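Sequences listed follow chains U and P, in order. For what it's worth, the working numbering labels the leading residue of the first sequence as 1, then goes sequentially. For what it's worth, the working numbering labels the leading residue of the second sequence as 366, then goes sequentially. Quick reminder that beta carbons are idealized off the backbone N, C-alpha and C, glycines included. A quick note: this is a predicted structure, and the numbers were derived from the prediction, not measured. What follows is a set of notes on a single structure, which appears directly below.
Number of protein chains: 2
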Amino acid sequence: MARERTADGDGAARRARRTRADGSRPVTMTDVAAAAGVAQSTVSRILNDAPAPISVSPQTRERVHAIARELGYRPHPIARALRGAPTMLLGAIVRDITDPFFAGAIEALSLECKARGYSVVLGHARAAADEALAMTAVLEARQCDAIVLLGDFTAEHRLVEDLRQGHAPVVGLWHGSERDRPFPTVGVDNRAGVRAALEHLMALGHRNIAYVGVESLGDMQERSGAYMELMAAAGGPPPPGYVQTVANTVLSGQPALDAILAQEPRATAIFAATDTIALGLLHAAYERDLRIPEDLSIVGFDDLPMAAASVPSLTTVKMPIPEIVARGVELCIGERAWDGEGAAPHVLLAPSLVVRRSTAPVAAR
Amino acid sequence: MARERTADGDGAARRARRTRADGSRPVTMTDVAAAAGVAQSTVSRILNDAPAPISVSPQTRERVHAIARELGYRPHPIARALRGAPTMLLGAIVRDITDPFFAGAIEALSLECKARGYSVVLGHARAAADEALAMTAVLEARQCDAIVLLGDFTAEHRLVEDLRQGHAPVVGLWHGSERDRPFPTVGVDNRAGVRAALEHLMALGHRNIAYVGVESLGDMQERSGAYMELMAAAGGPPPPGYVQTVANTVLSGQPALDAILAQEPRATAIFAATDTIALGLLHAAYERDLRIPEDLSIVGFDDLPMAAASVPSLTTVKMPIPEIVARGVELCIGERAWDGEGAAPHVLLAPSLVVRRSTAPVAAR
DNA sequence: TTGTACGCGTTATCAT
DNA sequence: ATGATAACGCGTACAA
């Protein structure tokens, strides 16, 4: 019942916020002022290092500082925020926290924010039904100074619409390449990445290159599109069975591999849309007693940390995560954030190929 | 310069908070009240579903609701919070976001919080020097209703002290098993996990079981302690070279493996303190042309998602992450949160062994 | 050099 | 059934 829930939450919070073990309550500026025998405004000025016309008696200044320390005064960020100060909070809405790729992105985001004195608030919008919650929980919150979208949310019209009506700057990372962007966007040049991967395989003599894609928008669609185009340009389009589309899980490796190997001519290499898929393929191949790279070459995309330590280590397209995150953060809370004038910027960063041990020249038959 | 930084942040925030593309400002209750021709307090009551003696004219109620919707009114969480409402924010301080284990924990935490209507604020305290920052950034913030420590922070005295002086309930997950806990703690029964792993190996005939530990406190120390004890109890203590202590990275696998294999009698199995280490060992063994599990059995700890998809899949001790997180959350923001009376609860959950394909009977010589 | 007073957007307690 | 009003903790013009 709504009533009960409210009462409960309120009570718990009140207890948490206003009392502690010894029954005391948080020390406010007023408390410090009273103890020091000065006005609250004086305390405010002293503790904030006198912004405007510097003027404080060294004596009272020292006294106030001492008392504040002694009383264990701590500023109340919420009161500050209410006054218009930045909350130093950056909201991150991520489609799937489970995805190790986004885990890495969150890590990078957290680091970048930390360097700027910001903290990260996490939110999800996994299922479509969750839009509302994500919206009300994090976004509706004008308590974030800015919001970063991690992944492609172009299909979440409601969320995007809500965001643009909000009052915080928004930036989308890996948010696909739609035409009319309501906010700045930073992503990777998928086409360049796919080209690098395919050229690498072709230089090794591979012609029968299959593809395992992921059922999603944005990046994933761009990658499969680039694969189709580049394959068509280099000797004709691949047979239909060469293209598999699966969920982005390591477990998808097995069915995808089975389907591809059932196809003639037999593929000598597989390009996976993500490292997660590629690692799943490695595992599936092992379970089938297929040797990598002797019997089959595999290339991934992302360069997850695990890609360097798999068996065998994975040749992959390295995603410039830190750079993308840095650009994105700069665009929403940086000194040169987008001012909302004109078209929203769309930054595309270049990936690079990392050759490891999951690829080899095509076997002489 | 402090001055410049303040001015900058303030300006950006003011711009972000108070204006948007069309130059308008957020719609407040006062705005709605004015438009509806009623008092602001009336709007408050209506929009909050009349907490006390229910009494609102259906007409005005409907009108206010309509106008609020039309104007796009959204409550201001900060103002609410200032009034004592819970922020519905839970602070998570994690030692190392890079660690996939904690990434999984954060995921679980995020899910658990979401179910309760909370959002997660991320903070780190990687290096000791960062304590202060973590403190001021997230904690100093009474803006969190509660704080969850992810990992062992017993050595961070300053942080812990700061926390206990704070006004938000704190709970430590995987926080080690020190004596005097200033706050509730939830963790895993490391000894039981180690025992399960070693008994599994011994049942397979292994006697020469080496150990790769991680240089850290809490859980890691408990695991190495349990290993030493259990080995001693089952046939005498292992030779010194059998115990390696490394950083918790996949890259640590190679040096650890080299060191262990240089030891006589040659180990037939290795127990790794974490899956990250175990996966690194898998990789290192592959690079050395060692077959797993034929030449060497390997057991990990944690059961990371990747453990099921490695080559070969990894036998490991499954960490009950969701359960631990759920208990922890319950202890700080749940209905039955610790009331601060008496000793802080210390909950220990049991892990379970997951047998996969990285372990096999010791080879007949 | 320091104190007074007001407002940020809410909620809650009085009156009416 | 609804309107005025006082906090919440802080920053800051303005007055002294």
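7 Å Cβ cut-off: residues of chain U touching residue i
i	result
Tyr651(P)	Val311 and Pro312
Gly707(P)	Within chain U, no residue comes near Gly707(P); the closest Cβ sits about 11 Å away, beyond 7 Å.
Leu515(P)	Correct list: empty, because the minimum Cβ distance to chain U is about 13 Å.
Interface residues of chain U facing residue i [CB-CB closer than 8 Å]
i	result
Val615(P)	Pro305, Met306, Ala308 and Ala309
Glu472(P)	Ile97, Thr98 and Ala103
Leu622(P)	Result: empty, since nearest Cβ-Cβ is about 12 Å, beyond 8 Å.
Leu661(P)	The contacting residues do not exist; Leu661(P) stays about 13 Å from chain U at best.
Leu714(P)	Ordered by position in chain U, no residue passes the 8 Å Cβ test against Leu714(P), which lies about 21 Å from the chain.
Leu412(P)	Per Cβ cutoff of 8 Å: no residues; Leu412(P) is ~13 Å from chain U at best.
Residues near residue i in its chain [Cβ-Cβ closer than 8 Å; skip 5 each side]
i	result
Ile625(P)	Ala575, Val577, Gly606, Tyr607, Gln609, Ala632 and Ile635
Ala262(U)	Gly241
Ala344(U)	Arg181, Pro182, Phe183, Pro184, Thr185 and Trp338
Gly72(U)	Val27
Pro60(U)	Checking the sequence shown, residue 60(U) turns out to be Thr, not Pro. Closer than 8 Å at Cβ, skipping near neighbours: Ala36, Val38, Thr42 and Ile46.
Arg439(P)	Pro391 and Val392
Val312(P)	As shown, chain P starts at 366 and ends at 730. That puts residue 312(P) outside it, with no answer to give.
Ala192(U)	Ala350 and Pro351
Ser110(U)	Val120
Leu661(P)	Ala632, Thr633, Ala634, Ile635, Ala650 and Leu655
Leu582(P)	Asp517, Thr519, Ala520 and Gly541
Per DSSP, the bridge partner or partners of residue i
i	result
Ile642(P)	Partner(s): none; Ile642(P) has no beta bridge.
Ala272(U)	Val212(U)
Gly664(P)	Going by the sequence as given, residue 664(P) is Val instead of Gly. Paired residue(s): Phe636(P) and Thr680(P).
Gly123(U)	Ile93(U)
His346(U)	Thr185(U)
Ser717(P)	Lys683(P)
Close Cβ partners of residue i (< 6 Å) along its chain, the five nearest in sequence each way excluded
i	result
Ala468(P)	none
Asp640(P)	Gly665, Asp667, Leu669, Ala672 and Thr681
Val329(U)	Glu112
Ser358(U)	Ile292, Pro293, Ile298, Pro312, Leu314 and Thr315
Thr30(U)	Gln40
Residue i - DSSP class collapsed to helix/strand/coil
i	result
Asp258(U)	helix
Ser252(U)	helix
Thr28(U)	coil
Ala672(P)	helix
Ile689(P)	helix
Leu474(P)	helix
Ile657(P)	coil
Ala285(U)	helix
Ala360(U)	coil
Glu330(U)	helix
Ala337(U)	coil
Ala386(P)	Model confidence at Ala386(P) stands at a pLDDT of 44, short of 50, so the residue's coordinates are unreliable and nothing is read from them.
Chain-ordered neighbours of residue i on chain P, where CB pairs are closer than 7 Å
i	result
Ala81(U)	Ile443
Glu215(U)	Those within 7 Å of Glu215(U) in chain P number zero; the least Cβ separation is about 19 Å.
Gln366(U)	Beyond the ends of chain U as shown, which are 1 and 365, falls residue 366(U); an answer cannot be given.
Leu198(U)	Ordered by position in chain P, no residue passes the 7 Å Cβ test against Leu198(U), which lies about 25 Å from the chain.
Chain-ordered neighbours of residue i on chain U, where CB pairs are closer than 9 Å
i	result
Gln508(P)	His76, Pro77, Ile78, Ala81, Thr87, Leu89 and Gln143
Leu655(P)	Going along chain U, no residue has its Cβ under 9 Å from Leu655(P), so there is no contact; the nearest lies around 11 Å.
Leu524(P)	Chain U residues near Leu524(P): none, gap ~14 Å exceeds 9 Å.
Where residue i meets chain P, residues with beta-carbon distance less than 9 Å
i	result
Val121(U)	Leu454, Ser484, Val485, Val486 and Leu487
Leu282(U)	Ala674, Ser675 and Val676
Leu353(U)	By Cβ distance, chain P contributes nothing, its closest Cβ being about 21 Å from Leu353(U), past 9 Å.
7 Å CB neighbourhood of residue i in its chain, flanking five on each side removed
i	result
Val727(P)	Leu569, Gly570, His571 and Thr633
Pro237(U)	Met228 and Met231
Ala360(U)	Leu204, Pro293, Glu294 and Ser297
Residue i Cβ short of 7 Å to the ligand SAM heavy atom set
i	result
Met88(U)	By its list of ligands, the structure shown contains no ligand whatsoever, and the ligand SAM lies outside what it can speak to.
Practice task
Could I get the ranges of all uninterrupted beta strand (DSSP E) runs contained in the region 511 to 544 of chain P, with 3 residues as the minimum, in chain order?
Solution key: 511 to 515 and 535 to 538
Practice task
Go through the region 174 to 253 of chain U residue by residue and report every complete run of the beta strand (DSSP E) that reaches 3 residues or more, in order.
Solution key: 185 to 188, 209 to 214 and 243 to 246
Problem - Entirely enclosed alpha helix (DSSP H) segments - the region 36 to 106 of chain U, minimum 4 residues - result: 40 to 47, 58 to 71 and 77 to 82
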